[in-house]
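Structure, as C-alpha cells:
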Amino acid sequence: MTPAPASTAPVLPLFHLYGDPPEDQAFDFIHVETISSRSTRHAWTIRAHRHRNLFQILLIATGGGEMSHEAATRPFAAPCAILVPATIAHGFRFRPGETEGFVVTFTEDVAQGLGERTGEALGRLRALAADPIVPIAGAAEAARLAALFRDLNEEHFLAREGYRLALRAYLALIAIGVGRLAAGRARGHSAAPLLGSAEPVVEALRRLVEDHFRTERQLAFYAEKLAMTADRLNDHVKRATGVTAGHLVRQRVVTEAKRQLVFTMQPIHEIGWDLSFSDPSHFTRFFRKQTGTTPQAFREQGGG
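Position 93 of the sequence shown, counting from 1, maps to 93 under UniProt numbering, and the rest follow consecutively.
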C-alpha cells in the first residue's frame with residue numbers, strides 16, 4: 001500500500017482540557033467546572049478538538065447552542081445532557097451570556113470502575129453516546145441532576161478530606177442518571193438500565209481498530225489479535241451491536257475520512273494515501289459506497 005506523505009498534518013487539535021496540551025499519563029483524573037468559566041474566555045465557542053483518554057458529561061441547565069459532532073452539526077437546548085467519549089471530534093458554540101451548566105471530565109480508568117463489573121460502564125456509556133444529546137424532560141429530574149453537579153463541583157473546589165471518594169460517588173450518580181435518560185430515550189421508557197453488561201469483545205475490537213484502522217482492514221487481523229476465528233468475532237459483534245465487525249472497521253475509516261475532509265484543507269488524494277488507499281479512485285469508490293456521496297461533494301457541503 002502507498003504510505004502517507006510525510007507532510008500529512010493532524011486532523012484536529014488534541015487537548016487534555018480544552019486549550020491545554022495532551023497529557024498521555026493522565027490517570028484517576030476527575031475535573032468539573034461551569035460551562036461559562038471556560039467558554040467566556042473563548043468567545044463562547046469551543047472549536048472542534050479531541051481528547052485522547054477523557055470522557056465528558058455536560059449538563060446544559062440554561063441556554064443552548066450547537067454541537068459539532070464529528071462532521072455533523074447538532075443543535076441543543078436546555079435542559080439536556082451531552083455525552084462525549086474519548087477520541088470523538090467535538091466542539092460547541094454556546095449562546096453568549098445565556099448558557100450555563102457544568103462539564104465533568106474524567107479519564108477512562110475512572111469510567112471503567114463505575115459499573116458493577118470492571119469495564120462495563122465505559123462500554124455502555126460509549127454506546128449511549130453514539131447519540132450524544134440527551135434531553136431532560138422533567139423539571140424534577142433536571143433539578144436533581146443539577147444538584148448532583150453542584151455537589152460534585154463543591155467537593156472538587158473544597159478538596160476536603162475524603163473528597164476523591166466523594167467525587168467518584170457523585171460521578172457515578174450523574175452517570176447513572178444521564179445513562180438512564182439516554183437508554184430510556186432509545187427504548188421509550190426511563191427505567192432502562194445504565195451500567196448493565198457491555199460486550200467486552202466489542203470494546204476490545206474497538207480499541208484494536210482505533211490503533212490499526214489506517215493500515216488494517218481485514219477481519220482476520222483483528223480476530224487473530226483477539227484469539228478468535230473471524231466467524232466467532234463476527235457473531236459476537238452482530239449480537240451486541242446489530243452490525244458486522246467489518247462494518248465497525250469500515251465506519252472508523254469513514255469517520256477519519258470525514259474528519260479530514262471537513263476539518264482540514266488536505267488534498268483528497270492525500271487523505272486517501274493517509275488511509276492506505278492505493279489510488280484516489282479506490283478511495284472515492286469506498287467513500288461513495290459507505291456514504292452515498294463522493295469525498296469532494298461531502299467537503300463542499302461542509303459535512304453532514
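Beta carbons: idealized from backbone N, C-alpha and C, even for Gly.
Sequence-distant residues of the same chain with beta carbon closer than 7 angstroms to residue i, five excluded per side
i, result
"Leu17", "His31 and Thr105"
"Arg217", "Val249"
"Pro22", "Leu14, Phe15, His16 and Arg52"
"Cys80", "Ile60, Ile133, Val134, Pro135 and Ile136"
"Gly303", "Ala71, Ala72, Lys258 and Val262"
"Ala223", "Thr229, Ala230 and Leu233"
"Lys289", "none"
"Asp109", "Phe27 and Asp28"
Proximity of residue i and residue j at Cβ, strictly below 8 angstroms
i, j, result
"Glu70", "Arg259", "yes"
"Ile35", "Gly91", "no"
"Thr291", "Val254", "yes"
"Gly63", "Glu33", "no"
"Ile46", "Ser37", "no"
"Ala240", "Val209", "no"
"Phe55", "Ala111", "yes"
"Thr294", "Phe287", "yes"
"Thr107", "Phe27", "yes"
"Gln251", "Ile268", "no"
"Pro176", "Leu152", "A quick correction: the sequence has Ile, not Pro, at residue 176. Against a cut-off of 8 angstroms, the Cβ pair of Leu152 and Ile176 comes out as no contact."
Where residue i falls, given that 16 or more other Cβ within 10 Å makes a residue buried
i, result
"Phe298", "buried"
"residue 319", "Only positions 1 to 304 of the chain appear in the structure, and residue 319 is not among them; the question remains open."
"Val243", "exposed"
"Ala245", "buried"
"His236", "buried"
"Arg50", "buried"
"Ser278", "exposed"
"Gly272", "buried"
"Asp20", "exposed"
"Ala142", "buried"
"Asp274", "buried"
"Ala78", "buried"
"Leu158", "exposed"
"Ser68", "buried"
"Pro10", "Interpretation of Pro10 is limited by its pLDDT of 49, a score under 50 that renders its predicted location unreliable; the figure taken from the coordinates is listed afterwards. The residue is exposed, with fewer than 16 neighbouring Cβ atoms inside 10 Å."
Residue of the options minimising C-alpha distance to residue i
i, options, result
"Asn53", "Arg180, Arg47, Ala142 and Ala89", "Ala89"
"Leu122", "Glu154, Pro267, Ile57 and Pro135", "Ile57"
"Glu154", "Tyr170, Ala142, Pro200 and Ala143", "Tyr170"
"Ala172", "Leu158, Ala159, Leu148 and Glu161", "Leu148"
"Val103", "Asp131, Leu158 and Val178", "Val178"
"Arg126", "Met265, Ala204 and Asp20", "Ala204"
"Ala130", "Ile82, Arg164 and Ile176", "Ile82"
"Leu12", "His282, Ser281, Gln266 and Pro280", "Gln266"
"Phe48", "Ser281, Pro280 and Thr264", "Rather than Phe, the amino acid found at residue 48 in this sequence is Ala. Considering only alpha carbons, the answer is Thr264."
"Pro200", "Arg74, His42 and Leu226", "Leu226"
Proximal residues to residue i (C-beta, below 8 angstroms), its chain only, five neighbours per side dropped
i, result
"Gly113", "Ala121 and Arg168"
"Arg206", "Arg126 and Leu248"
"Phe221", "His212"
Cutoff 6 angstroms; reference residue i; Cβ partners in own chain excluding five residues on either side
i, result
"Gly196", "Residue confidence for Gly196 is low, a pLDDT of 42 falling below 50, so the modelled location carries little weight and cannot support an answer."
"Trp44", "Phe94 and Pro96"
"Ala166", "Glu155"
"Val84", "Gln56 and His90"
"His282", "none"
"Pro3", "Low confidence applies to Pro3: its pLDDT is 39, below 50, so where it sits in the model is not reliable, and the reading given next is rough at best. Nothing listed; no residue qualifies."
"Leu219", "Ala230, Ala245 and Gly246"
Residue i beta carbon near the ligand FAD (any heavy atom closer than 7 angstroms)
i, result
"Tyr222", "This structure does not include the ligand FAD; it has no bound ligands of any sort."
Practice task
Just list the alpha helix (DSSP H) runs in the stretch 11-37, keeping only unbroken ones of 4 residues or longer that don't cross its boundaries, in chain order.
Solution key: DSSP runs (the alpha helix (DSSP H)) wholly in the stretch 11-37: none.
Handout entry: alpha helix (DSSP H) runs contained entirely in the stretch 138-186, provided each spans 4 or more residues
Key = 139-158, all fully within the stretch 138-186.
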